[in-house]
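Protein chains in written order, with our numbering: chain A, 625 to 762; chain B, 625 to 762; chain C, 625 to 762; chain D, 625 to 762.
Protein chains: 4
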Amino acid sequence: MEESARKRLGEMFGKAGFERAFPGLELVDAAAGAASIRLRVTTPVQNINGALHGGAVAFLVDHAGTLAIITADRDGRAGVTTDLNLTYLAPGRADENVLARARVLKVGRTLAFVSVDVVRESDGTLLAQGRMTKFMGG
Amino acid sequence: MEESARKRLGEMFGKAGFERAFPGLELVDAAAGAASIRLRVTTPVQNINGALHGGAVAFLVDHAGTLAIITADRDGRAGVTTDLNLTYLAPGRADENVLARARVLKVGRTLAFVSVDVVRESDGTLLAQGRMTKFMGG
Amino acid sequence: MEESARKRLGEMFGKAGFERAFPGLELVDAAAGAASIRLRVTTPVQNINGALHGGAVAFLVDHAGTLAIITADRDGRAGVTTDLNLTYLAPGRADENVLARARVLKVGRTLAFVSVDVVRESDGTLLAQGRMTKFMGG
Amino acid sequence: MEESARKRLGEMFGKAGFERAFPGLELVDAAAGAASIRLRVTTPVQNINGALHGGAVAFLVDHAGTLAIITADRDGRAGVTTDLNLTYLAPGRADENVLARARVLKVGRTLAFVSVDVVRESDGTLLAQGRMTKFMGG
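Rendered as structure tokens:
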């Protein structure tokens, strides 16, 4: 990872207003086109059933995916999302830890693609899978 | 809308922990398979560029879509999301109001489908479009 | 529609090898960011249940969507697809006609977005809804 | 794989009318929640640029994904698709072989989920990635 990416990662993590909606969000790892973040399913990210809210899962996919792209892009760019999709397979339960693990599929000059698995940390159960496409600039 | 749906709408709106991440979120309208909610792009929902965070847009699609389904389902059920997709066309800018307008495509016994436009309230510009599929129960 | 678009439309319709897999495919209308095509559900496009194959529905979304983009782009460009998604709501039945109706969401210099409804012609029932994002060039 | 699955696989492969649009389509492997199919990019599956048509890629994802689900389902069921998404990363070029490799994410009583990579056989380059959700019955 270039210095520019390292700098951008620091800027990305913990700085956006919306990140404050995810108390305890941790950067586990980010390097060479992969990134992993951890979140505990506390009340602020739960739906009315006490499970991890689907919108919070979307944030995790977006966030981990963007970090992975930054580590893979020559200039450490974050890009702008054009498409995001998610499939939900199992609920994230109250008070357990989930990991969002992103792996870049391709980073080009103008477009970048990333796939993200959201898993239960304790046993690796796949909770959701997402994919994101980003426009990196003209 | 049946009484059951009305009751469930009340339960859905303003009760989930994650909703508190969206200060000022308003229910504009929800009836007969359509729902509309409003959010002002204040600091808590912004990304590092000051625009509405992509994950916040995903929440709006999920939330408006779920409300619309509740109004269309005979038993006012919210279901469980299986698939969510979003295409982002333009940024929601700091301090402007955005509307998420959901319209049910189909509500069956076991599956429900909804399409959601996220627009800038001032001029109707389409900021994002999403679609959600929900499993309603066996 | 510019002359360049008209020329490209002609090139696009009926020329690709894969189109020959869709006997009787008709261009109904294409202008000003919208396009409509018609297909009869004959044996060559059916699945083992005799319904319109999901992959054939994907082709219709891609094809109608591309035609709509060509009519909306200043230079009549078709672009290259980055993302395509589909939700299937009801089957296209043997020997009935289906329409794929595309409507451009946005066409910019580098990216274009289109939404497509696939409906049963006889009664307008929504069979599928799709969305496509295209990269239009640097 | 149960006998029921083996029987269904045979029914699925080579029987649908739409499959005839893919000359030379081969079943490489299908067992234990995974399936792989091969297609040569001949004229009948090409777009006007001579590359593998995006709709043909969608068919490959649907087909390989369905085969994988059949091998994983206790009763060898194929289910009915509710959602399909694709991201296109690179073109399949004329006269090269592509593989669609499906891996089941989860198969439950009522819903099944599968992820599919479409790659260039010669060097493994990822051409597209897709995901499909199927309703397996009430």
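A virtual CB, placed ideally from N, CA and C, is assigned to each residue, including glycine.
Treat the numbers as computed from the prediction; the structure is a model and nothing was measured.
For residue i, the three-state DSSP class (helix, strand or coil)
{"i": "D/Leu708", "result": "strand"}
{"i": "C/Gly641", "result": "helix"}
{"i": "B/Val669", "result": "helix"}
{"i": "C/Gly703", "result": "coil"}
{"i": "C/Leu723", "result": "strand"}
{"i": "A/Leu633", "result": "helix"}
{"i": "A/Leu713", "result": "coil"}
Residue range of the beta strand (DSSP E) that includes residue i
{"i": "A/Phe737", "result": "735-744"}
{"i": "A/Asp653", "result": "650-655"}
{"i": "D/Thr757", "result": "750-759"}
{"i": "B/Leu663", "result": "658-664"}
Where the alpha helix (DSSP H) through residue i begins and ends
{"i": "A/Ala688", "result": "678-696"}
Contact list for residue i against chain C, beta-carbon separation under 8 Å
{"i": "D/Asn709", "result": "Asp707, Leu708, Asn709, Leu710"}
{"i": "B/Arg755", "result": "Asn709, Thr711, Gln753, Arg755"}
Proximity test, Cβ basis, 8 Å: residue i and chain C
{"i": "A/Leu765", "result": "Look at the range of chain A in this structure, 625 to 762, and you will see that residue 765 of chain A is not part of it."}
{"i": "D/Asp697", "result": "no"}
Where residue i meets chain B, residues with beta-carbon distance less than 7 Å
{"i": "C/Leu729", "result": "Leu713, Leu750, Gln753"}
Amino acids of chain A, ordered along the chain, whose beta-carbon sits closer than 9 Å to that of residue i
{"i": "B/Pro668", "result": "Gly641, Phe642, Arg644, Ala645"}
Interface flag, residue i vs chain A, CB-CB below 8 Å
{"i": "C/Phe683", "result": "no"}
{"i": "B/Ala680", "result": "yes"}
Chain B within 8 Å of residue i, Cβ atoms only
{"i": "D/Phe637", "result": "no"}
{"i": "A/Ala692", "result": "no"}
Proximal chain D residues relative to residue i, where beta-carbon distance stays under 8 Å
{"i": "A/Ser739", "result": "Gln753"}
Proximity test, residue i beta-carbon vs the ligand PLP heavy atom, cut-off 7 Å
{"i": "C/Val738", "result": "This structure simply doesn't include the ligand PLP, nor any ligand for that matter."}
Under 9 Å by beta carbon: chain D residues contacting residue i
{"i": "C/Glu655", "result": "The sequence given here places Ala at residue 655 of chain C; Glu does not occur at that position. Within 9 Å Cβ-Cβ: nothing; C/Ala655 doesn't reach chain D, min ~21 Å."}
{"i": "C/Asn721", "result": "Result: empty, since nearest Cβ-Cβ is about 17 Å, beyond 9 Å."}
{"i": "C/Asp747", "result": "None at all; the shortest Cβ gap to chain D is about 21 Å."}
8 Å Cβ cut-off: residues of chain B touching residue i
{"i": "A/Ile661", "result": "Going along chain B, no residue has its Cβ under 8 Å from A/Ile661, so there is no contact; the nearest lies around 12 Å."}
Chain G contact for residue i (CB, 8 Å cutoff)
{"i": "A/Gly679", "result": "No chain G appears in the structure shown, which is made up of the protein chains A, B, C and D."}
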